[in-house]
Structures are given as C-alpha cells and as structure tokens.
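Residue numbers -19 to 254, in our numbering, belong to the letters of the sequence shown in order. Don't be surprised by glycine CBs; every beta carbon is placed ideally from N, CA and C. What follows is a set of notes on a single structure, which appears directly below.
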Amino acid sequence: GSPAYMSPQQVREMPLNHQTDIYSLGVVMYQLLTGRLPFQASNNYSMVYQITHIEPPPPSDFRREIPGNLDAVVARAMQKDLGARYASWEEFSHDLAQAFRNKQLKARERDFADTEKFETLRGLPFFAEFSDVEIWEVVRFSDWDQVSPETVIMKDGEPGDYFCFLAEGEVRINKRGRILGILTPGDCFGEMAVISKSSGSRNADVVAQTPAKIITIRGDALRQASEVCRMHFYAAFLEVPHQGHHRPATFRVTPHAIRAGSGVVALSNRISGG
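Okay, structure coming up:
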C-alpha cells in the first residue's frame, strides 16, 4: 500500500507506539483541510524521502481562512522527531479543542455552504469522473459568486488567468454587439486562457443574461491542485466540444490543447492501471 499516511518511524521500520497513530491522524487532518496529501510524489521512494526529510507547507497555504493555531496543531502532529510530536492523545485533543474554541457556530455555517457547493459540483457532468475527495478539493480552491443580469463576467480583449462554470441561470457570449450563443447551467467557459499559453486574452464578452451563479477556477489554484485533480480537469476539457453545448468556436478547446491533453489522459490511465 501507499506510505502516504505512514510516520517517519514506520517507514524506517522502527519500534512504533501511539505517536505513529497521532502522525497518521495529522496526515488525515491535512487532507481534510486542504483536499490534498501533505506530500505529492510519483512513486513510493519519493514519498518515503519526503516523509523523512521534507516539511510540508502549512494547510493555510492552500486555504487562507485556516487559522494559524490549527496549522500549528497539524504541524505538531506531523513532527518527524518523536520528541517534538504530541506525546499523548490528551495533549493533542486539548490543542485541537483550543483551535476550534468559539468557532463552532461559524464552522457549522461554513460546512453547510461547502456541502451545498459539493452537491452542485457533483451534479455537473464536467465533474462526473472526479472522486469525492477531488470534488472537495475543488470546493476549497474555487470562488463562487451570484451576479445580476447584464454583469460582464469576461471582457473581449482582456487577459484573464481563470475560467468559469455556470451553476445557475444563463449567460450570453457577445462579439461586437452580436450574440454568438447562450450558455446554460453546467457549461464551462473561458478555459482557453488557462490551458493554452497562446490564448491568454479573451476573444468575446461573457455577460449574464439572467441572475446567475458563477463558479470561478483561477489558473494558479488549478496549478497548485493535486496531480490527479489537475489530470481530471484536463481530461474533462477534452469532452467539452463533444457535449453539444452552444458555444462559439473561439471558446472551444483547440487541437493543440487536445494533443497536450491526450498525453495527460494517457498518464492518468497508467497511474490508475487502466
């Protein structure tokens, strides 16, 4: 099995105690908070090296709203040196309770909102092949906005390192005052600015036709996502031109991107054993 959740002592085949379990729970906490494992590796040898030699970035690097005291709890649970790691479950539980003190109500409200986002993404055909863990990862690095009719979401000629999904409502694609198409819930638009280096500028206006809920994925967030999550995005992009959406050619995936994406899909198949 994968050593991703193993402590440095475990991968070195040293004597184990309850502190190994504390380390493993720290890894689980890290993954739940960020949607990704603390160490990203293409093979077990690289994973073991990172577990024993590399310090992972704090969870707040991926979710700015995570408080520093929760970063500290995760970091101490995952300390490589037994002397620096939590010595007891009581000590660990005490610090964890302190991290969440006076935040229970706020956390419940945020969890409800995140659950709604998860259900929305899970219902979009684009995300059909994403695992639940990957959907939660997208929830955490995506931006959600409710816009009014006639709101300009993307402007012709402007650069933009982000793309969007339409969760509710309708938006229209305009070019020099002419309507090129209407997008409906589930449609993805603007992805060429992120996946093709030669298409960094918008080539049409995108304007809200009705009240609409927009999900925005920023290029830097996607590039920092887990490898499997990124590959599922690129594989799903290949399907966009074939889904029958009324999208102008300027917003479709180019043959250059399809060739690049084919390599990604092949790599994904090798990793998954397909």
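Own chain, CB closer than 8 Å to Asn(-3), minus 5 neighbours either side, in chain order: Looking up residue -3 in the sequence shown gives position 17. No residues qualify anywhere along the chain.
Residues near Val28 by beta carbon distance below 6 Å, same chain, minus five either side: Mapped onto the sequence shown, residue 28 falls at position 48. Same-chain partners within the cutoff: Pro(-17), Val(-9).
message: Report the CB separation of Thr14 from Arg120 in whole angstroms; it is logged as a contact under 8 Å.
response: In the sequence shown, residue 14 corresponds to position 34, counting from 1. In the sequence shown, residue 120 corresponds to position 140, counting from 1. Approximately 7 Å separates the beta-carbon atoms of Thr14 and Arg120; this is inside 8 Å, confirming the contact.
task: Look at the Cβ atom of Glu109, then the Cβ atom of Ala201, and state whether they are nearer than 8 Å.
output: Your numbering for residue 109 matches position 129 in the sequence shown. Your numbering for residue 201 matches position 221 in the sequence shown. Against a cut-off of 8 Å, the Cβ pair of Ala201 and Glu109 comes out as no contact.
query: In the structure shown, what three-state DSSP assignment does Met(-14) receive?
result: In the sequence shown, residue -14 corresponds to position 6, counting from 1. In the structure shown, Met(-14) sits in coil (DSSP, three-state: anything other than H, G, I, E or B).
Where Gly161 sits in the DSSP three-state scheme: Position 181 of the sequence shown, counted from the first residue, corresponds to residue 161. Annotated three-state conformation of Gly161 is strand, per DSSP.
query: What's the call for Val151, buried or exposed, on a 16-neighbour Cβ count within 10 Å?
result: What you label residue 151 is simply residue 171 of the sequence shown in a count that begins at 1. By the Cβ-count criterion, Val151 is buried, with 16 or more other Cβ atoms from all chains shown falling within 10 Å of its own Cβ.
- prompt: Can you name, in chain order, every residue of its own chain whose Cβ lies under 6 Å from the Cβ of Ser4, other than the five neighbours on each side?
  reply: Taking the first residue of the sequence shown as 1, we reach residue 4 at position 24. Contacts found: Tyr(-15).
message: Tell me which residues share the same chain as Lys155 and place their Cβ nearer than 6 Å to its Cβ, disregarding the 5 neighbours each side in the sequence.
response: Numbered from its first residue, the sequence shown carries residue 155 at position 175. Closer than 6 Å at the Cβ level, and outside the excluded window around Lys155, lie Ala184.
- request: State buried or exposed for Met(-6), treating a residue as buried only when at least 16 other CB atoms are found within 10 Å of its CB.
  value: Start at 1 with the first residue of the sequence shown, and residue -6 comes out as number 14. Met(-6) counts as exposed, since fewer than 16 other C-beta atoms from the protein chains shown sit within 10 angstroms of its C-beta.
Identity of the residue in Met172, Glu148, Ala188, Ala173 nearest Gly161 by Cα: As a working mapping, residue 161 is identified with position 181 in the sequence shown. The shortest C-alpha separation from Gly161 is found at Ala188.
message: Rounding to the nearest angstrom, what Cα-Cα distance links Gln126 and Pro191 in this structure?
response: Stepping through the sequence shown from its first residue, residue 126 is reached at position 146. Stepping through the sequence shown from its first residue, residue 191 is reached at position 211. Between Gln126 and Pro191, the C-alpha separation is close to 7 Å.
- prompt: Arg213 lies in the alpha helix (DSSP H); which residues open and close that run?
  reply: What you label residue 213 is simply residue 233 of the sequence shown in a count that begins at 1. Contrary to the premise, residue 213 reads as Phe rather than Arg in this sequence. Counting along the chain, the unbroken alpha helix (DSSP H) around Phe213 starts and ends at 207 to 219.
task: For Glu207, I'd like the list of residues in its chain whose CB is within less than 7 Å of its CB, leaving aside the five on either flank, ordered along the chain.
output: Residue mapping note: residue 207 aligns to position 227 of the sequence shown, counting from 1. If we look at Glu207 and ignore the five residues flanking it on each side, its Cβ neighbours are Gln20.
task: Take Lys60 and list the residues in its own chain whose beta-carbon comes closer than 6 Å to its own, dropping the five residues that flank it on each side.
output: Looking up residue 60 in the sequence shown gives position 80. Cβ within range, chain order: Pro(-12).
message: Under 8 Å: do the segment 62 to 79 and the segment 94 to 102 share three or more Cβ pairs, one atom per stretch?
response: Short answer: they don't touch.
task: Quick one: which unbroken beta strand (DSSP E) runs of 3-plus residues sit fully inside the segment 172 to 205? Chain order, please.
output: When DSSP assignments are scanned along the segment 172 to 205, the uninterrupted stretches of beta strand (DSSP E) that are 3 or more residues long and fall wholly within it turn out to be 185 to 188, 192 to 198.
- request: With a threshold of 16 other CB atoms inside 10 Å of the CB of Gln(-1), please say whether the residue is buried or exposed.
  value: Within the sequence shown, residue -1 is the residue found at index 19, counting from 1. Under this definition Gln(-1) is a buried residue.
message: According to DSSP, simplified to helix, strand and coil, what is Tyr25?
response: Start at 1 with the first residue of the sequence shown, and residue 25 comes out as number 45. Here Tyr25 sits in helix by DSSP.
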